[in-house]
Amino acid sequence: MIKKSVSHSIHASIDGLLNLVFPEYCGACNKSLSKGEKVICISCRFKLPKTNYHLVADNTLVRLFWGKTKVNAATSYYHFGKGEKVQNLIHNLKYHQRTDIGQLIGELLAFQIMSTDLFSGIDIVIPVPLHESRLRQRGFNQCDSIADGLSKELGVPSGSGLLRRIAATTTQTKKQRHERHLNMEGVFQSKDVICLQGKHVLLVDDVITTGATLVACAEEILKSKGAQVSICAIACA
Ligand SMILES: [Zn+2]
């Protein structure tokens with residue numbers, strides 16, 4: 202078990218290193234990038250399915266959280282489809298340490314967010330945390346780079362570490378929707394309730410499916426007096 206996780210993280214480190222030295226493959230279609238192209242090729246930038254949810258107040262994603270937690274605004278950059286290029290994009294970020302993908306989408310999300318009033322007054326960006334054991338295994342949190350891109354362009358701090366994942370959760374794909382929400386209660390803990398008082402927090406995830414993780418994070422943040430939560434992600438299913 203330990204051996205497997207060590208070899209996995211060595212593998213991930215080598216991949217990460219190679220991508221630092223040779224970052225010339227499109228994160229979505231894996232084809233070589235042409236001169237002037239960065240991270241995602243021009244063809245993919247045009248063709249990948251954008252949601253444009255940042256322009257719609259009660260979009261599908263916002264509705265996902267209705268009755269579960271209070272969310273000011275929510276958007277994802279892309280629609281997620283299994284076996285499609287957006288899935289490959291997330292896979293490259295998560296398992297091949299292509300943090301340049303997270304950074305880029307974070308910046309693109311920031312430009313969208315700044316172009317609308319729906320997300321006004323964001324004070325801090327917080328990436329959904331990984332449990333310590335998962336962090337050790339993977340070597341990095343894939344949401345940190347998205348938060349970095351957002352933080353840079355929005356001009357607000359990234360509060361990576363302000364939220365802690367205190368319980369490791371098992372795979373949830375076979376559980377019913379309701380069970381999944383129950384299973385997430387008490388999974389996250391805010392490290393500094395005072396510091397988030399009165400703040401508008403932008404929670405950042407890679408892919409949103411049931412939204413259970415984000416509901417649990419939001420509920421924890423909303424324990425801080427006067428705090429507000431908005432949500433963004435690379436993709437949503
Ligand atoms: Zn491409």
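The opening residue of the sequence shown carries number 202 in the working numbering; numbering runs sequentially from there. Just so you know, even glycine gets a beta-carbon here, dropped at the ideal spot from N, CA and C.
- Remark: the C-beta of Ala436 is outside contact range of ligand 1, defined as less than 7 Å to any heavy atom.
- Secondary structure at Arg366: strand, using DSSP grouped into helix, strand and coil.
- In chain order, Leu262, Val263, Ile432 place their CB closer than 6 Å to the CB of Ala275, counting only its own chain and leaving out the 5 sequence neighbours on each side.
- Shown here, His292 sits in a helix according to DSSP, grouped into three states.
- Cβ neighbours of Gly362 within its own chain (closer than 8 Å, five residues either side excluded): Pro330, Lys392.
- Across the set His332, Ile314, Ser334, Leu336, the C-alpha of Ile314 shows the shortest separation from the C-alpha of Val326.
- Each residue's CA atom was taken as its position, placing Leu256 and Pro328 some 22 Å apart.
- Under the three-state reduction of DSSP output, Lys248 falls in the helix class.
- A straight-line Cα-Cα distance of about 32 Å links Ile302 and Lys424.
- C-alpha of Ala417 to C-alpha of Val402: approximately 14 Å in a straight line.
- In chain order, Ala274, Leu319 place their CB closer than 8 Å to the CB of Ala258, counting only its own chain and leaving out the 5 sequence neighbours on each side.
- Between Lys251 and Tyr278, the gap from beta carbon to beta carbon is short of 8 Å.
- Under DSSP, Tyr226 forms a beta bridge with Ser233.
- Looking at the DSSP output, Ile241 sits in a beta bridge with Lys239.
- Secondary structure of Leu403 (DSSP, three-state): strand.
- Taking each of Thr270, Arg246, Cys242 in turn and checking the Cα distance to Gly412, the smallest one comes out for Thr270.
- Annotation: Thr317 to Gly356 spans about 16 Å, alpha carbon to alpha carbon.
- When the Cα atoms are used, Gly284 and His292 turn out to be separated by approximately 11 Å.
- Proximity of the beta carbon of Ala229 to ligand 1 is indicated: a heavy atom of the ligand is located closer than 7 Å.
- By the Cβ neighbour-count rule, Ile306 is buried, with 16 or more other Cβ atoms within 10 Å of its own.
- For Phe312, no beta strand (DSSP E) encloses it; the enclosing alpha helix (DSSP H) starts and ends at 300–315.
- Boundaries for Gln398: no alpha helix (DSSP H) harbours it, and the DSSP string shows neither H nor E there.
- Here DSSP, grouped into helix, strand and coil, assigns Val287 to helix.
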